[in-house]
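J.: The numbering used here puts the sequence shown at residues 74 to 251. Think of the CB as a built atom: it goes at the ideal place given N, C-alpha and C, for glycine as much as any other residue. Keep in mind it's a predicted model, so treat the numbers as computed, not measured. Questions regarding the structure given below will be posed in turn.
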Amino acid sequence: MASNETVILDSAGISRALTRIAHEILERNKGTAGVVLIGIRSGGDHLARLLRDRMAQIEGEEVPLGTIDITMYRDDLGSRGSLPLGKTEIPFPLDGRKVVLVDDVLFTGRTIRAAMDALIDIGRPKNIQLATLIDRGHRELPIRADYVGRNVPTSREEKILVEFSGDNNPVEVRLVKP
């Protein structure tokens with residue numbers, strides 16, 4: 074780790090944040106009825122899997138899990154060149170469901186806007202809630218998270234990196250200064 078990087082969450086801190094978010098999702102939705110988790114590739118999909126496991130430990134019932142690729146919904150696609158396409162996997166209907174969209178870092182809100190556009194193309198959820206491990210501010214769109222692991226005020230020049238292990242478990246979250 075370079076000297077301009079600071080660990081803001083270690084694996085234990087990430088685990089505690091995900092456990093808290095799982096409890097908050099269950100409390101707000103009064104259990105698991107009608108709730109589905111959809112993770113945004115890549116990063117949010119791994120966190121959604123962990124949230125599903127925690128919610129199952131708490132409630133004794135697994136909620137449906139899906140993943141969504143937003144590449145073709147990005148508003149900066151033309152300026153970024155070719156991006157690898159992932160696969161959207163939502164093996165259940167969205168109509169009437171309470172969708173909890175999961176991402177690792179919330180920044181400008183543009184990724185979340187793209188994910189909501191993609192979800193609406195697939196079905197008509199009862200509502201869409203947002204869970205994010207890190208909210209770093211700097212919104213360009215009127216989007217806010219319903220569930221946040223940690224708020225980390227940053228400058229626009231700083232970066233937040235969520236590091237995952239080979240088996241897609243979050244290891245640490247680092248703040249990188251220029």
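1. With three or more beta-carbon pairs closer than 8 Å as the criterion, would you say the region 220-235 touches the region 76-95?
2. Rounding to the nearest angstrom, what Cα-Cα distance links Glu213 and Ile141 in this structure?
3. Relative to the C-alpha of Val200, which residue among Val172, Met189 and Arg186 is closest?
4. Could you tell me how far apart the beta carbons of Leu203 and Asp219 are, in whole angstroms, since I believe they sit closer than 8 Å?
5. Grouping DSSP H, G and I as helix and E and B as strand, with all else coil, what is Thr205?
6. Starting from Leu174, follow its DSSP beta bridges and name the residues at the other end.
7. Using a Cβ distance threshold of 8 Å, determine whether the region 243-250 contacts the region 156-170, with at least three qualifying pairs required.
8. For Ala90, I'd like the list of residues in its chain whose CB is within less than 8 Å of its CB, leaving aside the five on either flank, ordered along the chain.
9. Three-state secondary structure (DSSP) at Gly139?
10. Helix, strand or coil for Thr144? Go by DSSP, reduced to three states.
11. Report the three-state DSSP secondary structure of Gly159 (helix, strand or coil).
12. Could you spell out the range, first to last residue, of the beta strand (DSSP E) harbouring Gly222?
13. Taking only three categories from DSSP, how would you classify Leu214?
14. Can you tell me whether Pro198 is buried or exposed, with buried defined as 16 or more other CB within 10 angstroms of its CB?
T.: Answer, in terms of the structure:
1. yes
2. For Glu213 and Ile141, the distance between alpha carbons rounds to 22 Å.
3. The sequence given here has Asn at residue 200, not Val. The shortest Cα separation from Asn200 among Val172, Met189 and Arg186 belongs to Val172.
4. 5 Å
5. Thr205 falls in the strand class under three-state DSSP.
6. Ile111 and Leu203
7. no
8. Leu82, Leu206, Gly222 and Arg223
9. Here Gly139 sits in strand by DSSP.
10. helix
11. coil
12. Tyr220 to Asn224
13. coil
14. buried
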